Amino acid sequence: MTLDAHIPPGPLEKKWTTYKNHAKIISPANKRKFKLIIVGSGLAGAAAAATLGEQGFNIECFCYQDSARRAHSIAAQGGINAAKNYQNDGDSVFRLFYDTIKGGDFRAREANVYRLAEVSASIIDQCVAQGVPFAREYGGLLANRSFGGAQVSRTFYARGQTGQQLLLGTYQALSAQIATGQVKMFPRAEMLDLVLVDGHAKGIVVRDMVTGEIRSHAGDAVLICTGGYGNVFYLSTNAKGCNVTATFRAYKRGALFANPCYTQIHPTCIPVSGEYQSKLTLMSESLRNDGRVWVPKRKEDCSKPPHEIPEDARDYYLERKYPSYGNLAPRDISSRSAKEACDEGRGIGPGGLGVYLDFADAIKRLGRAVVEERYSNLFEMYENITGENAYERPMRIYPAVHYTMGGSWVDYNLMSNVPGLHVLGEANFSDHGANRLGASALMQGLADGYFVIPYTIGNYLAAQFDQRHPQPSDPAFQQTEKEVRERVQRLLDIKGTRSVDSFHRELGLLMWDKCGMARDKAGLEEAIARIPKLREEFWTNVKVLGAGENINQSLEKAGRVADFIEFGDLMCRDALDRNESCGGHFRTEYQTPDGEALRDDENYAHVSAWKYEGEGKEPTRIKEELVFEQVKLATRSYK
Amino acid sequence: MNFTLRVWRQNGPKESGRFEEYPAHDIPSDASFLEMLDIVNEGLIEKSVEPITFDHDCREGICGTCSLTINGIPHGPGRGTTCQLYMRKFSDRDVITVEPFRAAPFPVLRDLTVDRSAFDRIIQAGGFISERCGSAPDANALPIPKTIADLAMDAAACIGCGACAAACPNSSAMLFVSAKTGHLGLLPQGKSEKNRRILKMVRTMDEEGFGNCSNYYACEAVCPAGIPAAFIARLNREYTVASAKETVGAAY
Amino acid sequence: MSASSASTSSSPGIVSSLITWLFSSIGKKVVVALTGIVLVLFVIGHMLGNLTVFFGRDVINAYAMHLRDLGPLLWLIRLFMLASVAVHIWFTMLLWKENLAAHPQKYAVFAPMKTTIFARTMRLTGLFVLAFIVFHLAHFTLLLVDPGYASYHADLHGREVHDVYRMVIEGFRNPIISLFYIVSLALLAFHLSHGIGSLFQTLGVTDKKMRSYYETGAGILAWVLFAGYISIPVSILIFGLGNGVVK
Ligand SMILES: Cc1cc2nc3c(=O)[nH]c(=O)nc-3n(C[C@H](O)[C@H](O)[C@H](O)COP(=O)(O)OP(=O)(O)OC[C@H]3O[C@@H](n4cnc5c(N)ncnc54)[C@H](O)[C@@H]3O)c2cc1C
Ligand code: HEM
Ligand code: HEM
Ligand code: SF4
Ligand code: F3S
Ligand code: FES
Numbered sequence: 003m004t005l006d007a008h009i010p011p012g013p014l015e016k017k018w019t020t021y022k023n024h025a026k027i028i029s030p031a032n033k034r035k036f037k038l039i040i041v042g043s044g045l046a047g048a049a050a051a052a053t054l055g056e057q058g059f060n061i062e063c064f065c066y067q068d069s070a071r072r073a074h075s076i077a078a079q080g081g082i083n084a085a086k087n088y089q090n091d092g093d094s095v096f097r098l099f100y101d102t103i104k105g106g107d108f109r110a111r112e113a114n115v116y117r118l119a120e121v122s123a124s125i126i127d128q129c130v131a132q133g134v135p136f137a138r139e140y141g142g143l144l145a146n147r148s149f150g151g152a153q154v155s156r157t158f159y160a161r162g163q164t165g166q167q168l169l170l171g172t173y174q175a176l177s178a179q180i181a182t183g184q185v186k187m188f189p190r191a192e193m194l195d196l197v198l199v200d201g202h203a204k205g206i207v208v209r210d211m212v213t214g215e216i217r218s219h220a221g222d223a224v225l226i227c228t229g230g231y232g233n234v235f236y237l238s239t240n241a242k243g244c245n246v247t248a249t250f251r252a253y254k255r256g257a258l259f260a261n262p263c264y265t266q267i268h269p270t271c272i273p274v275s276g277e278y279q280s281k282l283t284l285m286s287e288s289l290r291n292d293g294r295v296w297v298p299k300r301k302e303d304c305s306k307p308p309h310e311i312p313e314d315a316r317d318y319y320l321e322r323k324y325p326s327y328g329n330l331a332p333r334d335i336s337s338r339s340a341k342e343a344c345d346e347g348r349g350i351g352p353g354g355l356g357v358y359l360d361f362a363d364a365i366k367r368l369g370r371a372v373v374e375e376r377y378s379n380l381f382e383m384y385e386n387i388t389g390e391n392a393y394e395r396p397m398r399i400y401p402a403v404h405y406t407m408g409g410s411w412v413d414y415n416l417m418s419n420v421p422g423l424h425v426l427g428e429a430n431f432s433d434h435g436a437n438r439l440g441a442s443a444l445m446q447g448l449a450d451g452y453f454v455i456p457y458t459i460g461n462y463l464a465a466q467f468d469q470r471h472p473q474p475s476d477p478a479f480q481q482t483e484k485e486v487r488e489r490v491q492r493l494l495d496i497k498g499t500r501s502v503d504s505f506h507r508e509l510g511l512l513m514w515d516k517c518g519m520a521r522d523k524a525g526l527e528e529a530i531a532r533i534p535k536l537r538e539e540f541w542t543n544v545k546v547l548g549a550g551e552n553i554n555q556s557l558e559k560a561g562r563v564a565d566f567i568e569f570g571d572l573m574c575r576d577a578l579d580r581n582e583s584c585g586g587h588f589r590t591e592y593q594t595p596d597g598e599a600l601r602d603d604e605n606y607a608h609v610s611a612w613k614y615e616g617e618g619k620e621p622t623r624i625k626e627e628l629v630f631e632q633v634k635l636a637t638r639s640y641k
Numbered sequence: 025m026n027f028t029l030r031v032w033r034q035n036g037p038k039e040s041g042r043f044e045e046y047p048a049h050d051i052p053s054d055a056s057f058l059e060m061l062d063i064v065n066e067g068l069i070e071k072s073v074e075p076i077t078f079d080h081d082c083r084e085g086i087c088g089t090c091s092l093t094i095n096g097i098p099h100g101p102g103r104g105t106t107c108q109l110y111m112r113k114f115s116d117r118d119v120i121t122v123e124p125f126r127a128a129p130f131p132v133l134r135d136l137t138v139d140r141s142a143f144d145r146i147i148q149a150g151g152f153i154s155e156r157c158g159s160a161p162d163a164n165a166l167p168i169p170k171t172i173a174d175l176a177m178d179a180a181a182c183i184g185c186g187a188c189a190a191a192c193p194n195s196s197a198m199l200f201v202s203a204k205t206g207h208l209g210l211l212p213q214g215k216s217e218k219n220r221r222i223l224k225m226v227r228t229m230d231e232e233g234f235g236n237c238s239n240y241y242a243c244e245a246v247c248p249a250g251i252p253a254a255f256i257a258r259l260n261r262e263y264t265v266a267s268a269k270e271t272v273g274a275a276y
Numbered sequence: 003m004s005a006s007s008a009s010t011s012s013s014p015g016i017v018s019s020l021i022t023w024l025f026s027s028i029g030k031k032v033v034v035a036l037t038g039i040v041l042v043l044f045v046i047g048h049m050l051g052n053l054t055v056f057f058g059r060d061v062i063n064a065y066a067m068h069l070r071d072l073g074p075l076l077w078l079i080r081l082f083m084l085a086s087v088a089v090h091i092w093f094t095m096l097l098w099k100e101n102l103a104a105h106p107q108k109y110a111v112f113a114p115m116k117t118t119i120f121a122r123t124m125r126l127t128g129l130f131v132l133a134f135i136v137f138h139l140a141h142f143t144l145l146l147v148d149p150g151y152a153s154y155h156a157d158l159h160g161r162e163v164h165d166v167y168r169m170v171i172e173g174f175r176n177p178i179i180s181l182f183y184i185v186s187l188a189l190l191a192f193h194l195s196h197g198i199g200s201l202f203q204t205l206g207v208t209d210k211k212m213r214s215y216y217e218t219g220a221g222i223l224a225w226v227l228f229a230g231y232i233s234i235p236v237s238i239l240i241f242g243l244g245n246g247v248v249k
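Those protein sequence lines, which keep their order, are chains A, B and C.
Residue numbers for the first sequence follow the working numbering, so the first one is 3 and each next one is one higher.
Residue numbers for the second sequence follow the working numbering, so the first one is 25 and each next one is one higher.
Residue numbers for the third sequence follow the working numbering, so the first one is 3 and each next one is one higher.
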């Protein structure tokens with residue numbers, strides 16, 4: 003099986019325009035005849051549903067939360083990038099494109115990334131028109147900040163609530179379409195399987211999380227916009243409900259899963275304080291603009307209170323190792339350095355898993371007032387959670403799983419190898435390569451939903467006119483429904499002795515140890531050996547109380563964890579297969595003498611797309627070679 | 025720390041509910057309220073008692089899903105959401121009563137989860153700015169004074185949790201509605217639809233069965249987003265103006 | 003996104019949209035506020051009028067007479083007052099009914115959260131004030147409590163007028179009646195200490211900063227009214243106001 007990304011011909015900067023000029027347009031009269039199934043109401047899903055609904059398609063949109071407004075996009079704090087060059091500091095579409103490709107450690111597809119940079123500017127226009135209250139200067143123009151180590155100020159933000167404000171914009175647009183009846187919204191509905199009719203994705207099977215009803219929804223195409231799978235680690239900055247189920251079920255139905263091992267670890271999160279901990283809280287990276295990261299030089303000092311450790315006994319390791327970027331070194335690099343420091347036993351706080359983020363100098367330099375004005379909400383949040391006052395004593399931070407670059411494989415049309423199945427947002431693999439730059443995921447989600455899919459979906463639909471519209475009564479749906487029912491019933495019937503969470507925790511720890519910030523062959527092989535046992539025990543010993551006929555949160559979790567366990571295996575295989583270090587994927591065997599990631603462009607400048615081969619069989623890896631016409635591969639150096 | 029929980033248990037929307045008492049033993053003071061419930065639930069599962077159902081997702085205080093009334097206060101003591109409430113705020117051996125958000129338009133689905141879709145329907149009635157995707161003018165084409173943008177942002181911060189209506193003795197949704205009409209009405213982009221939006225949203229709010237505002241200010245006291253009741257005053261004024269315009273058939 | 007359905011085509015009829023406004027949650031509130039203002043103004047004016055009792059028999063009798071001389075105008079005013087009270091009560095009762103329906107199940111644990119006792123008891127204090135007004139009218143206006151009052155006459159610059167002065171003095175010499183007045187006036191003060199501040203919020207003529215000023219102002223005014231009013235029964239009962247004049 004070979005993969006064709008269907009990248010349009012022509013020079014990079016012309017591709018998208020040419021594509022749009024020749025894209026198949028579907029007449030309003032015909033749009034009415036189509037029904038699209040959109041799973042997810044985050045930035046990607048809601049934007050797609052609102053836009054396609056506005057265009058006249060009939061939409062059915064699903065989310066597991068009680069309201070479309072609560073998708074996890076809401077948690078994004080920092081901001082959204084766009085090549086507006088409003089600050090006139092030399093930004094451009096090409097620069098954003100290049101930064102993204104480079105930030106992704108040259109493991110992303112040029113054409114997609116360039117398109118992303120191209121449409122980024124329109125996103126801001128769109129959002130402002132919707133009433134997103136971005137920060138402004140006194141003159142009334144939009145304000146920008148430099149974010150995640152970018153050398154230009156291209157990040158737009160709304161206080162510490164950028165994701166929330168952008169999501170509310172899409173949610174409101176979506177609500178307008180729901181009011182017109184173009185979109186039917188199904189909250190508290192979880193997709194449990196994908197339905198194929200003659201090899202085409204034509205619908206889904208969902209469980210109504212209130213009544214427990216399991217039913218099918220048929221359409222002419224399916225859009226999966228279900229976000230990331232960071233919760234495979236149990237502890238992450240993702241919402242509790244975030245899951246891999248939608249994309250993993252699609253994988254089991256034949257949709258390739260690309261680069262599952264690419265996960266991003268965010269450097270500035272609040273450290274774990276105990277095993278009861280249910281999630282990790284991210285603190286905006288903007289803190290690194292003024293905070294200085296350090297650990298004690300000597301192990302012995304770790305137990306001392308920070309103010310008792312003299313300057314010369316402190317190791318400001320980021321400033322030491324990366325003079326030019328210092329505390330603003332990219333996420334993967336700062337995260338790994340923190341881990342190294344802790345592995346050397348120089349970590350601070352509970353379990354020695356933490357480093358200091360110190361604002362003493364900033365307060366000296368700018369005065370407490372300025373620091374308060376910039377970060378007071380974050381300092382409050384930190385104090386609320388840890389009970390410590392960061393004005394007096396440095397913050398404790400530690401890296402946490404934050405974002406997953408991997409996802410369903412999609413071509414330039416955002417369509418997977420399964421015809422009719424489109425995957426948008428964090429759920430696909432397309433734009434961030436091996437590492438995502440700060441403030442680029444919001445950009446991608448909205449780009450996919452507002453500006454890409456509305457043009458590209460026609461390509462598939464145009465060929466579907468003569469097809470009869472599938473119905474939930476079709477045998478294919480009946481069959482899938484039956485399988486889903488059986489699976490749910492099995493979970494309820496096990497009646498074992500261990501809670502779902504205990505399995506999830508165990509899986510999370512395993513993944514974090516063996517497939518986390520640093521990975522090696524032995525560890526990955528061990529994980530691959532252990533996961534089947536865990537899976538075996540789960541399916542014989544998990545304890546899911548209650549019935550299927552009403553809200554049953556243990557049952558919901560059980561279904562997700564079951565998929566995470568199998569998916570964990572796939573992640574480890576991908577990590578094991580990729581014998582190089584790149585971006586978020588760091589294999590200790592492959593590093594430079596001074597501990598930097600060592601890429602192998604000879605053998606690994608490709609996308610690893612994994613194909614499900616059936617129960618008990620090993621998945622096969624299919625390569626999509628990455629061809630770079632514009633950029634020449636360089637070692638990513640932030641020294 | 026040790027606590028005694030009195031938790032509202034109710035199997036389904038139509039069933040009647042009751043309080044059950046559960047001990048919560050050895051709870052770390054750094055645990056969040058929801059993590060405390062997780063621990064209690066693990067214990068219940070041990071004993072083959074169905075765990076307590078409660079809504080939550082982000083556990084960061086931003087998604088607005090968590091919705092518990094703790095000792096009579098939606099989201100419990102202090103500012104912020106239930107998920108951002110930490111057990112160190114309580115004292116050892118406290119008896120803590122946990123109830124769902126209560127309001128006629130928020131029917132209980134199970135235990136501590138309620139149905140807040142009424143809020144979605146209010147937004148659908150007009151809580152948006154109509155524009156066509158892809159045809160928006162340049163974002164800087166229309167400058168907005170920082171003061172206006174900031175005020176709009178104050179209102180836009182609403183996380184749609186419903187605590188205002190749950191805290192209001194009249195179950196009035198005025199704080200939620202006024203936050204949205206305030207956010208969109210303050211911005212020049214939202215002006216053209218302002219009056220229509222206000223009329224539709226307030227009428228839908230009434231139809232959904234929310235109460236009337238008696239200026240009790242409990243909503244303001246519990247709002248995790250710190251939305252000031254001044255936005256309710258603004259809505260009162262703007263709604264009457266909009267009605268007047270509608271009455272005399274003036275362009276609205 | 004464009005939302006064609008979200009746009010009402012043409013504005014509905016004048017009457018219908020007026021009714022819609024009137025009975026909308028906010029409309030009802032505004033009506034209560036407006037009638038509330040009328041009532042407040044009356045209470046203020048009425049207190050000032052009553053205080054003339056301290057300037058002696060002739061002054062208050064003259065004041066009362068001038069009122070009476072207004073003739074038909076007085077009736078218009080009375081009608082207007084009556085309507086205001088009626089509407090005020092009617093609408094507050096409508097609000098009450100809806101608010102009970104909107105909040106059928108109270109919390110097991112009561113927590114006031116910022117809501118003052120005055121705000122929470124508006125309906126009760128209001129109803130009590132109503133009861134007071136009824137009694138009060140029977141007492142001093144319809145003269146049902148003590149029909150004897152009707153026979154009180156005084157000479158004002160050669161003109162025979164109803165001796166309001168004596169009526170008031172004797173009325174308040176009865177400690178039970180005085181006590182009833184004082185209690186009622188306290189409850190009115192309760193009612194107004196929330197009500198007056200509240201109406202600015204209802205009418206939307208306030209903001210974050212002004213609200214606290216209005217609220218303190220309302221409190222002060224309410225209790226000034228209280229003091230002004232009870233000064234009369236108190237002076238009569240305790241300091242024997244009018245003892246020299248009325249045996
Ligand atoms: C704490 C945090 C901070 C972040 N900060 C930034 C930032 O500053 N800048 C930036 O660019 N990015 C940031 N990100 C990343 C960014 O927010 C996300 O990558 C992006 O919002 C994902 O959007 P999405 O629409 O793809 O998915 P989501 O917003 O996660 O939406 C997923 C949707 O799918 C639904 N869903 C999921 N599974 C199912 C199922 N099985 N059945 C039915 N429905 C389902 C959910 O209900 C939801 O509606 C941050 C992420 C986190 C966690
Ligand atoms: C002299 C008599 C009265 C005066 C001066 C008066 C004045 C006021 C004022 C100023 C308000 C504030 C309106 C607002 O909040 O916007 C108010 C509210 C109210 N009044 Fe009265 N009132 C009087 C009599 C009554 C009576 C007889 C009742 C009988 C029930 C009553 C019941 C109420 C109630 C329930 C409210 C609160 C309405 C709400 O905010 O929901 N009042 N009154
Ligand atoms: C100590 C307190 C009060 C005193 C001494 C007092 C005195 C009087 C007197 C003497 C009259 C009759 C006037 C006349 O017959 O010419 C009167 C009428 C009236 N009072 Fe009072 N009053 C008091 C408090 C109040 C209060 C608190 C209210 C309202 C809440 C009120 C409402 C009225 C009304 C409505 C009338 C009828 C006016 C009319 O005849 O049109 N009074 N009062
Ligand atoms: S106004 Fe405040 S309390 Fe009400 S829904 Fe919004 S955030 Fe929640
Ligand atoms: S508490 Fe209720 S009465 Fe009004 S001020 Fe808030 S809505
Ligand atoms: S769980 Fe998201 S706000 Fe509490």
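Even for Gly, the Cβ is constructed at its ideal location relative to N, Cα and C.
Please read all numbers here as calculations on a predicted model, not as lab measurements.
Quick one, which of Y216(C), M115(C), F44(C) has its alpha-carbon nearest A19(B)'s? Outside the modelled stretch of chain B, which goes from 25 to 276, sits residue 19(B), for which no answer is possible.
Give the interface partners of E100(C) over in chain B, defined as CB-CB distance under 7 angstroms, in chain order. For E100(C), the chain B residues whose C-beta falls within less than 7 angstroms of its own C-beta are G235, N236, listed in chain order.
Is any beta-carbon of chain C found at less than 9 angstroms from that of G96(B)? yes
Are the Cβ atoms of A443(A) and E84(B) separated by less than 9 angstroms? Cβ atoms of A443(A) and E84(B): not closer than 9 angstroms.
Report yes if the CB atom of R97(A) is closer than 9 angstroms to the CB atom of A85(A), and no otherwise. Closer than 9 angstroms, so yes.
Starting from the beta carbon of A241(A), find every residue of chain B whose beta carbon is closer than 9 angstroms, and list them in chain order. H80, D81, C82, R83, E84, C87, T89
Just to check, is the beta-carbon of A55(B) closer than 8 angstroms to a non-hydrogen atom of ligand 6? Closer than 8 angstroms to some heavy atom of ligand 6: that does not describe the Cβ of A55(B).
May I ask you to list, following chain order, the residues of the stretch 111-138 of chain B that have a beta carbon less than 7 angstroms from some beta carbon of chain C? So the close ones are T121, E123, R126, A127, A128.
Beta carbon of V31(B), beta carbon of V122(B): below 9 angstroms? yes
Is the Cβ of S9(C) closer than 9 angstroms to any Cβ of chain B? Below a pLDDT of 50, predicted positions are generally treated as unreliable, and S9(C), at 40, falls in that range; the measurement from the model is reported next regardless. Yes, S9(C) lies at the interface with chain B (some Cβ there is under 9 angstroms from its Cβ).
Coarse secondary structure for A636(A), derived from DSSP in three states: coil
Can you tell me whether C244(A) sits near ligand 6, meaning its C-beta is under 8 angstroms from at least one heavy atom of the ligand? no
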